[in-house]
Amino acid sequence: MVGDGHRQAGKSLRAAQDEAGVPPGFWTGRGLAAVGLAVGDVVTERQAELLLGEGRHPDADRIEGECLEEGKSPAKARRATVLGRPIEHNKSPETEKAKERSPWLAMDLVFRAPSTAQIAWALGDDGIRRVLELCQDIARDKALAWLEDSVAEIRWGSGGKHRKPVKDGLIVAVFRHYESRAGKPLLHDHAVISIRARRPDGKGTWGNWSADSMLEHIVAADTLYTLHFMEEVSARLGWAWEPREVTPGKRPVMEIAGIDRRLIGWQSTRRQQIADALPILVADYEEAHGHAPGERAAKALDRQAADRTRPPKRKVARSLSELRDGWRKSAIWAFGACTVYRLAQWARAAAAAVWARVRPVVDIALAAVDTVAVVYVMRGAFKRHHLLAEARRHLAHVLRGRPHEPGLDEQIVRMAVDGYTRPVGRTMMTADLRALYPHDIEDQAVVRPLTRARAKSPYERARLAAGALTVRVRAVRRSRRLNSRSLPQAVAPVGPLPRSRLDRSEARAARASKRAGPALDTDVATVEETQRVIQTMAAKIQDGIRERTAARGLRPQPAPATPPQPHRTQQPGAQPAPGRSTPTTGGAA
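Residue numbers for the sequence shown follow this note's numbering, so the first one is 10 and each next one is one higher.
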């Protein structure tokens with residue numbers, strides 16, 4: 010609430026926020042009506058203390074006072090303000106599980122834009138800053154709305170065996186911060202979600218929403234936020250996005266095209282500090298365990314490096330305008346005024362180049378194959394939310410900021426689940442290689458060797474597998490194989506754009522295959538049927554010509570015989586027609 014810092018005892022919340030240079034928090038979420046709040050209301054200190062600190066109604070003081078006036082005991086008056094189970098229960102000897110003795114009452118989700126968007130927000134003019142903040146608001150609210158509608162579920166009963174969607178929605182307190190601990194620009198929002206929600210039992214009782222369901226879908230929510238943020242930026246500023254490889258062999262991140270990459274190193278100072286401290290931790294791990302850290306251990310070491318290098322928050326109060334002035338001066342001193350003041354101009358020019366080079370068209374079938382291949386190679390067994398997160402990454406990479414049709418990510422996941430996966434347990438699934446390689450036993454081993462290529466990172470192996478499957482699907486389409494899997498048509502969210510080199514190469518391959526004759530796997534009956542269709546169409550065309558000629562009252566006359574012509578001297582400048590041995594026309598005598 011005060012910029013991740015501390016405040017002195019007795020200082021008001023608003024004064025501490027002004028000193029930290031952060032705006033006051035506000036409430037959002039569909040669950041606010043159940044506690045008498047509205048979207049946009051300022052989060053007061055007492056409301057946060059009651060709801061997020063004690064699990065009680067944010068207006069508990071008034072409710073408790075009214076109960077006391079009615080003659081109720083203090084214990085009953087306090088119990089009337091508690092939403093769900095009182096936190097005092099967790100400290101009693103009746104608590105069965107030790108982890109419940111320290112209850113948590115909220116979850117903090119952090120929404121932060123990519124590095125190039127942070128740079129444009131910090132160094133651009135006030136118009137660009139306001140637009141990017143609006144894009145942040147829209148993308149954050151859409152991600153939270155998806156969590157409310159599709160993920161959040163209330164649980165009750167022994168072990169939470171009863172689960173249903175929350176009745177009214179979630180209660181969220183949003184706090185915006187402007188800078189990182191290193192003093193660099195970092196526009197990000199802390200969305201603190203109260204764990205209390207109403208059950209759909211018609212009695213108005215309260216409980217806790219399922220934390221495990223929320224945690225499972227965190228990555229899917231993050232990819233949805235990034236996808237919406239990219240679309241809003243492209244729609245409002247006309248900028249495009251391109252992938253950037255941060256760590257070799259790891260997933261690329263989407264960045265605004267045209268922004269000087271040197272500014273990313275200037276903005277991401279904390280990442281460099283973590284990278285400098287990481288080799289020491291990795292060496293200690295290898296010495297203790299005798300092998301290099303795996304993916305999970307590497308993430309844990311990265312968090313340890315972040316904790317060890319975390320600097321304290323600044324204590325000098327600075328407003329956002331003062332922060333932006335300081336950032337602009339720092340960037341100009343490091344890279345020159347041209348790099349800063351022409352940032353938006355270069356971004357628009359780069360966007361035009363991206364739109365001319367990349368066709369933002371989503372092919373649902375290829376997207377489903379790509380999604381299954383990547384998730385299968387990286388995880389082996391997976392759940393639906395893993396496919397959903399990867400499908401949204403695919404859309405972000407293909408569309409580059411252009412809008413997508415609502416529900417397109419769900420269509421990709423549905424096709425992936427129905428067509429290219431098989432269950433391996435009650436909740437887990439894996440790739441169905443027989444569906445990916447129908448009627449071709451020899452190619453079923455294409456994906457498996459990639460999973461054992463230890464020299465490459467998991468993501469590199471995943472991209473190789475997706476590329477192999479994509480080539481196969483395109484080959485099946487070009488050959489028009491009989492009894493092949495029916496594939497839906499591509500979904501084009503935007504207008505036609507210049508054809509890419511890949512499409513031109515496919516067109517050349519199609520023309521070459523047409524010149525070479527029918528494919529080897531084409532059935533003879535199919536060729537004969539095609540010839541019959543062509544002959545039928547030709548007969549219909551001739552009948553149409555005769556009918557039109559008869560309607561005009563004209564009779565087809567036979568062509569007159571051409572009498573032999575004397576030899577004529579060709580006039581200067583007249584050239585014989587190509588492919589003819591004698592000229593067809595001559596000059597007048």
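Heads up, the beta-carbon is just placed ideally off N, CA and C, and yes, glycines get one too.
- Query: Among residues of its own chain, excluding the 5 on either side of Arg208, which ones have a beta-carbon nearer than 6 Å to its beta-carbon?
  - Reply: Ile163, Thr214, Gly216
- Query: For the segment 247 to 263 against the segment 145 to 162, are there 3 or more C-beta pairs whose distance is under 8 Å?
  - Reply: no
- Query: Quick one: what's got a C-beta closer than 6 Å to Ile341's C-beta in the same chain, skipping five residues either side?
  - Reply: Val349
- Task: Below 8 Å on the Cβ atoms is my guess for Thr380 versus Leu396; work out the distance and round it to an integer in Å.
- Result: 6 Å
- Under 8 Å from any heavy atom of the ligand NAP, does the C-beta of Ser466 make it? The ligand content of the structure shown is nil, which means the ligand NAP is not present either.
- Give a yes or no on whether the C-beta atoms belonging to Trp355 and Gly267 are separated by under 9 Å. yes
- Between Met437, Val370, Arg205, Cys347, which lies nearest to Gly389 when the distance is taken from Cα to Cα? Closest by alpha carbon: Met437.
- Pick out the complete alpha helix (DSSP H) segments inside the segment 121 to 148, 4 residues or longer, and give them in chain order. 124 to 132
- Message: Excluding the 5 residues flanking Trp336 on each side, which residues of the same chain have their C-beta closer than 7 Å to its C-beta?
- Response: Ala131, Leu132, Pro194
- Item | Outcome for Asp135 when other beta-carbon atoms lying within 10 angstroms are tallied against a minimum of 16 | With fewer than 16 other Cβ atoms from the protein chains shown falling within 10 Å of its own Cβ, Asp135 counts as exposed.
- What residues are listed by DSSP as bridge partners for Val183? Val183 pairs with Phe35, Ala200.
- Message: Tell me which residue opens and which closes the beta strand (DSSP E) that Pro112 is part of.
- Response: Counting along the chain, Pro112 falls outside any beta strand (DSSP E), and DSSP gives it neither H nor E.
- Item | Residue environment, Arg368, which counts as buried when at least 16 other CB atoms sit within 10 Å | buried
- Residue closest to Ser124, alpha-carbon to alpha-carbon, out of Arg423, Arg431, Leu179, Ser277: Comparing alpha carbon positions, the residue from Arg423, Arg431, Leu179, Ser277 closest to Ser124 is Ser277.
- Query: Between the C-alpha atoms of Glu241 and Lys151, what's the straight-line distance to the nearest angstrom?
  - Reply: 12 Å
- Among all the DSSP beta bridges, which residues are the ones paired with Val262? Bridge partners of Val262: Arg253.
- With DSSP as the reference, label Ala161 as helix, strand or coil. Reduced to three states, the DSSP call for Ala161 is coil.
- Among Ile283, Pro261, Ala25, which has the Cα closest to the Cα of Arg317? Ile283
- Apart from the five residues on each side of it in sequence, which residues of its chain come closer than 6 Å, Cβ to Cβ, to Arg121? Only His197 meet the Cβ criterion.
- Query: In three-state terms, what does DSSP make of Met438?
  - Reply: It is a strand residue.
- In whole angstroms, what separates the C-alpha of His394 from that of Gly434? In a straight line, the C-alpha of His394 is about 16 Å away from that of Gly434.
- Quick one: what's got a C-beta closer than 7 Å to Gln17's C-beta in the same chain, skipping five residues either side? none
- Message: What would DSSP say about Lys173, mapped onto helix, strand or coil?
- Response: strand
- Query: CB Ala182 to CB Val201, shorter than 9 Å?
  - Reply: yes
- When the Cα atoms are used, what is the spatial distance from Met10 to Ser189? Going by the C-alpha atoms only, they are around 15 Å apart.
- Message: So Ala69 and Leu59 are supposed to be a Cβ contact under 8 Å. How far apart are they, rounded?
- Response: 5 Å
- With 16 as the cutoff for other CB atoms within 10 Å, does Trp610 come out buried or exposed? Missing from the structure shown is residue 610; the chain here goes from 10 to 598 and no further.
- Query: From Ile72 to Gly93, what distance separates their C-alpha atoms?
  - Reply: 16 Å
- Query: Any idea which residues DSSP pairs Phe344 with across the strands?
  - Reply: Paired residues: none, contrary to the question.
- Query: By how many angstroms is the C-alpha of Arg138 removed from the C-alpha of Arg270?
  - Reply: Inter-residue distance for Arg270 and Arg138 is about 20 Å (C-alpha atoms, whole angstroms).
- Message: Considering only their Cβ atoms, is the gap separating Ala229 from Arg401 smaller than 9 Å?
- Response: yes
- Message: So, for Ala315: in the same chain, excluding its five sequence neighbours on each side, which residues have a beta-carbon less than 6 Å away from its beta-carbon?
- Response: Ile283
- Message: Suppose contacts are defined by Cβ-Cβ distances below 9 Å. Is Arg481 in contact with Leu442 by that definition?
- Response: no
- Taking just the CA atoms, how far does Gly166 sit from Lys173? 12 Å
- Message: Let's see if you can read the secondary structure: which residues bound the alpha helix (DSSP H) around Thr232?
- Response: 227 to 246
- Query: If His66 sits next to Thr90, beta carbons under 8 Å apart, how far is it from one beta carbon to the other, in whole angstroms?
  - Reply: For His66 against Thr90, the beta-carbon gap comes to about 5 Å, under 8 Å, which counts as contact.
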